[in-house]
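Each residue of the sequence shown is one higher than the one before, counting from 1 in full-length UniProt numbering.
Worksheet for the structure shown next.
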Amino acid sequence: SDHMENIYGYLMKYTNLVTGWQYRFFVLNNDAGLLEYFVNEQSRHLKPRGTLQLAGAVISPSDEDSHTFTVNAASGEQYKLRATDAKERQHWVSRLQICTQHHTEAIGKNNPPLKSRSFSLASQGSANSPGVQRRPSQNAISFFNVGHHRLPTGKRVPIMQPDHLVDVREMMSQAEGQQRDLIRSIECLPVSGHLTSLDQDLLMLKATSMATMNCLNDCFHILQLQHASQQKGSLPAGTTISWLEPKISLANHFKNGAAQNFPAEITKPASVREEQSVAEPCSLTRETEEINPDEELEDICDDKEDDLGAVEEQRSVILHLLSQLKLGMDLTRVVLPTFILEKRSLLEMYADFMSHPDLFIAITNGTTPEERMIRFVEYYLTSFHEGRKGAIAKKPYNPIIGETFHCSWRMPKSEVATDAGSNFSAHSPSEQVILSKDLEGQTELDYYTVKFVAEQVSHHPPVSGFYAECVERKMCVSAHVWTKSKFLGMSIGVTMVGEGLLSLLEHGEEYTFSLPCAYARSILTVPWVELGGKVNINCVKTGYSASINFHTKPFYGGKLHRVTGEVKQNATNTVVCRVQGEWNSVLEFTYSNGETKYVDLTKLSVTRKRVRPLEKQGPFESRRLWQRVTESLRDGDIDKATEHKRALEERQRNEERLRAETETPWHTKYFLKEGDGWVYHKPLWKTISAAQTQQTDTN
């Protein structure tokens, strides 16, 4: 066939993290079923620099771009290649797939099923030391418990119903678990001896099982498309779409290597039913919910991220991840290993930036525009220290679209600065805890309440919106943030694209501000966080502005976490305040009158946020949504945490795909799209304006 001709030409081959991409001359030898490469065309007569057997290989175009593809050999070796354009990639991929199919089928014809060399790879004990037992009487069919079912003649195949699709998904999840167990068992075999991990039959089994599961997933997606097309156009207004999720518990869902039954709901233990109540299909209809602060209790959760061992133990995982990345790659769609996760969602991390509500409320108590701008800068710079949990650069959970987080703070009015020079609480952290406990019995007139709400408004790109308000002091802050992460070699950079707006309604002032970039450094050893970039704060009405620089550490010398800034009056270009120091340690403020103030951030009192108990939270609220992942991380069970995290992410992908196929838009709950940004649906200034209008009409 003319499709089986030998082809050759230059392709780029990814070598390693240091060397990167290199041009190499590749030759597809159809007769031998080999893909060979040489340094250049002139060295073609020499021995190849590398050779891959294509029998049993998997050829995969990459969704990274339109030029890249991979060749995964049955031996486990992989070539990551890049053509000059999409057309050339398609040419190579199609020829490689034809050659692979031809030689894979030839092996199947020439090698009948094994009879005397059957064995069991079922895991005995831990995954790291599986027990391999010889069972001469057991063949491959009995090992995999494969059954062939013939449909009764004369009966039509019924149209697949949604419940049937759920059942199919359940069975596929079971098969995927068994396939992962099979791969793990093969890879754990010794490299020498009678039965090794490099045995050609086992390598073939490993490659074909992977290809089979990929094919089954493609078929399942076609069934979903078919069902969606049948329903499209007949959906009445207001119809909701449910996630196609397994009805079994997550623990059973990821239990590998065992036949599983799917008992009726009534036979399940209460803990399983409770877990399912969170993971059950959720409606796309999004109705706002007013959270009553009186239902919220002082948070007793204290998850400090100080475990250094896990990072060092998972070094090989990090190295493998780094080998798959390239400089500048967008990490938005990259699934990072679970052990680097913090035990909180990104939405809750934004809330923790508000852990000094006394400083936040004190902004509006400034007697002059200059003082209010300086107080805002002081509050802004003290917010980042508590926003980080511990010294290790761990990553919060990526919020699921529609995920929300609610909390509030109660601040005694006596603890909020009213005059200049008393901006910071005089109480120690221990005294602050006692004060917060005493608040339970105080009347509403004795404290201020700051309410906070955050929502993940978009998945691609990942955009979060958050809003906080203090009704008594007529002030609110709103922001939307698009997190863009990139791989920078030995570090990861996160750019916070977006803008925040602080409104002081008593003074008719609005302050716009941005956020610095964040960097995770030394990701191969003990990763740590560094902030960098220039931030501007501006108030158009008063003419005051601030410029703040977060300095990254130079390669040689220099201090860590250094920050400098100044506040000026734009009309006269007069600097009224300068600041320097470290954003996680000590800050020095120097004012125009010559006074200097030092703030030790490690000794600043922290007000604990108030959160509703889990049983009162909705299924989309962060702590309830990520409850199983968080519990597993606390227990140190990384595998179980990964399983729960994967289930949530898969659920989100299924829902997003179905929305696209049925052209059903996603409706946010608390934030509205306005131009390029997102705004809270019921900001304080709108509520006060409506109340004043209503009062005027009444009078």
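From the three backbone atoms N, C-alpha and C, an ideal C-beta is built for every residue, glycine too.
Cβ shell of residue i (< 6 Å), same chain only, five flanking positions each side left out
i: Asn398; result: none
i: Asp446; result: none
i: Ser355; result: Glu386, Val606
i: Val27; result: Tyr8, Glu36
i: Ala251; result: Residue confidence is low: Ala251 scores 32 on pLDDT, short of 50, so the model does not pin down where it sits. No coordinate-derived value is stated.
i: Phe513; result: Gly500, Ile537
i: Gly402; result: Phe620
i: Arg44; result: Phe38
i: Met204; result: Gly56, Ala74
Same chain, Cβ closer than 8 Å to residue i, neighbours up to 5 away in sequence not counted
i: Asn29; result: Asn6, Leu35, Glu36
i: Val433; result: With a pLDDT of 41 at Val433, under the threshold of 50, the modelled position of that residue is not reliable, and the figure given next carries that caveat. For Val433, where only same-chain residues beyond five positions count, the Cβ hits under 8 Å are Arg608.
i: Gln78; result: Thr70, Val71, Asn72
i: residue 701; result: Residue 701 cannot be examined here, being either before or after the span of the chain that is shown, 1 to 699.
i: Val575; result: Glu566, Val567, Lys568, Ser592
i: Ile374; result: Gly366, Val567, Val576, Cys577, Phe589, Tyr591
i: Pro236; result: Residue placement at Pro236 cannot be trusted, given a pLDDT of 44 that sits under 50; what the coordinates show is reported in the next sentence. Cβ neighbours of Pro236 beyond the five flanking positions: none.
i: Ile363; result: Arg372, Arg375, Phe376, Tyr379, Met475, Leu502, Leu504
Residue range of the unbroken beta strand (DSSP E) whose run includes residue i
i: Asp600; result: 596 to 600
i: Tyr350; result: From DSSP, Tyr350 is part of no beta strand (DSSP E) but of the alpha helix (DSSP H) over 346 to 352.
i: Arg537; result: Sequence inspection shows Ile at residue 537; the Arg mentioned does not correspond to that position. Ile537 -> beta strand (DSSP E) spans 528 to 539.
i: Val27; result: 21 to 29
i: Ile492; result: 492 to 504
i: Asn40; result: Neither: Asn40 is in no beta strand (DSSP E) and is coded neither H nor E.
i: Val579; result: 574 to 582
i: Pro396; result: 395 to 397
i: Glu77; result: First-last for Glu77: undefined, no H or E at that position.
i: Gly9; result: 7 to 14
i: Arg410; result: 404 to 412
i: Tyr511; result: 509 to 513
i: Thr564; result: 562 to 569
i: Ser62; result: Per DSSP, Ser62 belongs to no beta strand (DSSP E) and is neither H nor E.
Best match in the options for proximity to residue i [C-alpha to C-alpha]
i: Ser343; options: Trp626, Glu661, Glu289; result: Position check: residue 343 holds Lys in this sequence, whereas Ser was assumed. Considering only alpha carbons, the answer is Trp626.
i: Thr404; options: Met349, Arg49, Gly366; result: Met349
i: Phe466; options: Asp600, Ala479, Thr574; result: Ala479
i: Pro683; options: Lys451, Lys13, Ser464, His459; result: Lys451
i: Asp197; options: Ser75, Asp167, Gln174; result: Checking the sequence shown, residue 197 turns out to be Ser, not Asp. Among Ser75, Asp167, Gln174, the Cα nearest to that of Ser197 is on Ser75.
i: residue 700; options: Arg372, Thr642, Glu371; result: Residue 700 is absent from the structure shown; the chain starts at 1 and stops at 699.
i: Arg623; options: Leu560, Ala660, Ser485, Leu347; result: Leu347
i: Asn292; options: Pro619, Arg610, His681; result: Arg610
i: Cys407; options: Pro613, Trp685, Pro190; result: Pro613
i: Ile186; options: Ser173, Met210, Thr668, Leu81; result: Met210
i: Ile59; options: Asp31, Leu96, Glu649, Glu41; result: Leu96
i: Pro619; options: Asp635, Ile638, Leu648; result: Leu648
i: Leu515; options: Met496, His507, Ala57, Glu289; result: Met496
i: Val463; options: His103, Gly20, Phe671; result: Phe671
i: Thr418; options: Thr664, Ala454, Ser522, Thr368; result: Thr368
7 Å Cβ shell around residue i - same chain, five flanking residues per side excluded
i: residue 722; result: A question about residue 722 goes unanswered here, because the residues of the chain that appear run from 1 up to 699.
i: Ala520; result: Ala393, Ser491, Ile492, Pro527, Val529
i: Glu176; result: Met213
i: Lys413; result: Asp446, Tyr447, Tyr448
Assumed close pair residue i, residue j - CB separation to whole angstroms, cut-off 8 Å
i: Lys474; j: Glu509; result: Not quite, the Cβ-Cβ distance comes to about 11 Å (not below 8 Å), so this is no contact.
i: Glu499; j: Gly677; result: 7 Å
i: Ile531; j: Ala518; result: Looking at the sequence itself, residue 531 is Leu, so the reference to Ile does not match. Contact holds; Cβ gap of about 6 Å.
i: Glu566; j: Arg578; result: 5 Å
i: Lys616; j: Glu295; result: 6 Å
i: Leu11; j: Leu81; result: 5 Å
i: Trp666; j: Arg659; result: 6 Å
i: Ala583; j: Phe384; result: The question names Ala, but residue 583 in the sequence shown is Trp. Their Cβ separation, rounded to whole angstroms, is 5 Å, which keeps Trp583 and Phe384 in contact under 8 Å.
For residue i, the first and last residue of its enclosing alpha helix (DSSP H)
i: Lys484; result: From DSSP, Lys484 is part of no alpha helix (DSSP H) but of the beta strand (DSSP E) over 475 to 487.
i: Glu588; result: Segment 586 to 591 is the beta strand (DSSP E) holding Glu588; no alpha helix (DSSP H) there.
i: Leu54; result: That residue, Leu54, is in no alpha helix (DSSP H); it is neither H nor E in DSSP.
i: Glu290; result: Careful: Glu290 lies outside any alpha helix (DSSP H) and carries neither H nor E.
i: Ile361; result: 357 to 362
i: Val629; result: 627 to 634
i: His45; result: Run containing His45: none; DSSP gives neither H nor E here.
i: Leu658; result: 638 to 662
Short CB-CB distance (under 8 Å) between residue i and chain D
i: Glu621; result: Reference to chain D is not applicable here, since this structure consists of a single protein chain.
Any non-hydrogen atom of the ligand ATP within 7 Å of residue i CB
i: Val611; result: Ligands in the displayed structure: none, and consequently the ligand ATP is not present.
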